[in-house]
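Please read the structure below before turning to the comments.
Residue numbers (the numbering used here): 50 to 259.
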């Protein structure tokens, strides 16, 4: 439903979403890519990490994780539970990252520009405009780049933009802070736990239907 520039989901739309979710969970409940004992151990391990992340004092705001908390499982089969646990961990990473870049004084659009240059996803102003065109207007991209340059985070050579030492340092700090918060709830895991987790996830991915 559209009203005064905003969209809301109608009751019929919510019913459709709920039915799609129910069917997706029903399908996952029938998939058995590996022995149930192994799958259950994997689910329990990741679910425990997700639960610790939700209860952790950091980050203070957990807007992304709240979405995972609102999901209701219609099956207690391992694979739907695993799907939810992985989604919860994904949202925990989002919350940790959001807290890190906000704590560094950035707004989302500027951080996106800096990150794309930092990661090598773009190297020039035209690259950035092409890759972010659906999220930011070209004029806003240009203004954002100019602002990052004014703060000493970027330097230019024609159309090319690269991070300065200051820009590289602050973007690395954001990533380190993200990891510090996110992986704090993984600390009880031993090296053997992590090795088993890695190998089991690899096996699961290989065995899932295409």
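Yeah, the Cβ is synthetic: ideal placement off N, Cα and C, and Gly gets one too. Every value quoted in this text rests on a predicted model; they were computed, and no experiment measured them.
Which residues bound the beta strand (DSSP E) around residue i?
i	result
residue 203	203–206
residue 209	209–212
Taking the straight line between their C-alpha atoms, what separation do you get for residue i and residue j?
i	j	result
residue 201	residue 132	42 Å
residue 199	residue 61	49 Å
residue 248	residue 154	39 Å
residue 158	residue 250	34 Å
residue 94	residue 124	18 Å
residue 120	residue 237	26 Å
residue 136	residue 98	12 Å
residue 180	residue 170	9 Å
residue 204	residue 156	20 Å
residue 67	residue 114	19 Å
residue 284	residue 109	Shown here, the chain extends from 50 to 259; a query on residue 284 therefore has no answer.
residue 134	residue 161	27 Å
residue 64	residue 57	13 Å
Determine, using beta carbons only, whether residue i and residue j come nearer to each other than 7 Å.
i	j	result
residue 144	residue 111	yes
residue 148	residue 78	no
residue 96	residue 234	no
residue 89	residue 117	no
residue 253	residue 83	yes
residue 219	residue 150	no
residue 174	residue 208	yes
residue 187	residue 178	yes
residue 51	residue 59	no
Taking the alpha-carbon of residue i as reference, which of the options has the nearest alpha-carbon?
i	options	result
residue 24	90, 197, 184 and 101	Summary: the structure shown does not reach residue 24, with the chain confined to residues 50 through 259, and so no result is reported for it.
residue 197	208, 212 and 206	212
residue 74	129, 139, 188 and 251	129
residue 226	115, 210 and 107	107
residue 192	215, 163 and 255	163
residue 166	146, 190, 186 and 152	190
residue 232	138, 115, 85 and 183	138
residue 168	92, 91, 216 and 256	216
residue 260	81, 58 and 239	Outside the displayed range of the chain (50 to 259) lies residue 260, so it cannot be described from this structure.
residue 172	242, 160, 210 and 76	210
residue 221	240, 184, 146 and 239	146
Just to confirm the assignment, what range does the alpha helix (DSSP H) spanning residue i have?
i	result
residue 109	Residue 109 -> no alpha helix (DSSP H), and no H or E assigned at all.
residue 54	No alpha helix (DSSP H) contains residue 54, which DSSP labels as neither H nor E.
residue 74	60–79
residue 119	Counting along the chain, residue 119 falls outside any alpha helix (DSSP H), and DSSP gives it neither H nor E.
residue 247	240–256
#### Entry: Ordered list of beta strand (DSSP E) runs contained in the stretch 137–209, each at least 3 residues
203–206
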